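In our numbering, the protein residues as written are 106 to 312.
Heads up, the thing below is written out as structure tokens.
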Amino acid sequence: MLEAARRLRLAHEAGLQLRTVGLARGHGLQRDLALEDGIQRFVHRAHAPPADDLLDAVLADALHVPARAHCTLVLSSETEAPVVVGLGVDLVELARVAQALGRWGTRLVAKLMDEEEAAWLPEEAAARARALALAIAGKEATSKALGTGWSRGVRWRDVEVRLQPGPAVALRGGAAARAKALGSSGRTWARLELREELAVGEVRLLS
Numbered sequence: 106m107l108e109a110a111r112r113l114r115l116a117h118e119a120g121l122q123l124r125t126v127g128l129a130r131g132h133g134l135q136r137d138l139a140l141e142d143g144i145q146r147f148v149h150r151a152h153a154p155p156a157d158d159l160l161d162a163v164l165a166d167a168l169h170v171p172a173r174a175h176c177t178l179v180l181s182s183e184t185e186a187p188v189v190v191g192l193g194v195d196l197v198e199l200a201r202v203a204q205a206l207g208r209w210g211t212r213l214v215a216k217l218m219d220e221e222e223a224a225w226l227p228e229e230a231a232a233r234a235r236a237l238a239l240a241i242a243g244k245e246a247t248s249k250a251l252g253t254g255w256s257r258g259v260r261w262r263d264v265e266v267r268l269q270p271g272p273a274v275a276l277r278g279g280a281a282a283r284a285k286a287l288g289s290s291g292r293t294w295a296r297l298e299l300r301e302e303l304a305v306g307e308v309r310l311l312s
């Protein structure tokens, strides 16, 4: 706790203010401190860091459950660069998605996506499961960046994820309204990738 206080003081002296909204579900203090450390490195730089900073901090603890961190940065001096107003990270096990897809098939896809969004999913079973796992990771990460999860009017279909030509997340409905309330213009930055048996998603809401 003393170390965290020291970092916040240094951030303040550097002309930054950090409002932590949540560090949620975890397996103990060590995981939370790893996430906090990733966020602090982000704050001290005052600009968007390489995504590996936060992802590696999460993966280093060998998590197999979703993790989230949500913060707001306020720069003391005027800048035209976009500010990150929400940050979410999520990990999804490929095997669980493949199992669920095998059991529920199109019913599962229809719960998560509308027809237009689902159209880009591959037909081949293994590739379809991987793509769906990446989409779920992106959607979950977005819900955590919004600070709501799947509540307060934010639904799965309100977050659209596309993998081609590159990872992209679009907000609509309740997700767009929540992002606006946080001070986001609706723009997002997304990173979605496969790491061994996990789909990893990181999403940032931009001002």
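Backbone N, C-alpha and C define an ideal beta-carbon position, used for all residues, glycine too.
Bear in mind the structure is a predicted one, so any value in this text is a computation, not a measurement.
Go ahead and label residue i buried or exposed: buried means 16 or more other beta carbons lie within 10 angstroms of its beta carbon, across all protein chains shown.
i: Ser248; result: buried
i: Gly279; result: buried
i: Ala236; result: buried
i: Lys216; result: exposed
i: Ser289; result: buried
i: Lys285; result: exposed
i: Arg313; result: A query on residue 313 cannot be resolved here, the shown segment of the chain reaching from 106 to 312 and no further.
i: Arg208; result: exposed
i: Gln232; result: Note that residue 232 is Ala in the sequence shown here, rather than Gln. Label assigned to Ala232: exposed.
i: Ala224; result: exposed
i: Ala174; result: Note on Ala174: pLDDT 36, under 50, position unreliable in the model; no value is reported.
Does the distance from the CB of residue i to the CB of residue j come in under 8 Å?
i: Val189; j: Leu287; result: no
i: Leu206; j: Leu239; result: no
i: Gly191; j: Leu251; result: yes
i: Arg260; j: Arg283; result: no
Name the residue from the options whose alpha carbon lies nearest to the alpha carbon of residue i.
i: Gly210; options: Ala230, Pro187, Leu297, Gly193; result: Ala230
i: Val305; options: Val197, Trp261, Gly191; result: Val197
i: Ala295; options: Leu303, Ala242, Lys216; result: Ala242
i: Met218; options: Ala232, Ala246, Val264; result: Val264
i: Glu221; options: Val266, Ala282, Ala232; result: Val266
i: Ala234; options: Gln204, Ala281, Glu245; result: Gln204
How many whole angstroms separate the CB atoms of residue i and residue j, which I take to be in contact at a CB cut-off of 8 Å?
i: Leu303; j: Leu199; result: 7 Å
i: Glu307; j: Val194; result: 5 Å
i: Ser312; j: Pro187; result: 5 Å
i: Val274; j: Thr293; result: 4 Å
i: Pro270; j: Leu297; result: So it is not a contact: roughly 13 Å between Cβ atoms.
Kindly say whether residue i, judged by its beta-carbon, lies nearer than 8 Å to any beta-carbon of chain D.
i: Thr211; result: The chain labelled as chain D is not found in the depicted structure, where only one protein chain is given.
So within the region 205-273, which uninterrupted alpha helix (DSSP H) runs reach at least 4 residues, ignoring any that extend past its ends? 211-217, 220-223, 230-250
Of all the beta strand (DSSP E) runs that stay within the bounds of the region 270-310, which reach a length of 3 or more residues? 273-276, 293-300
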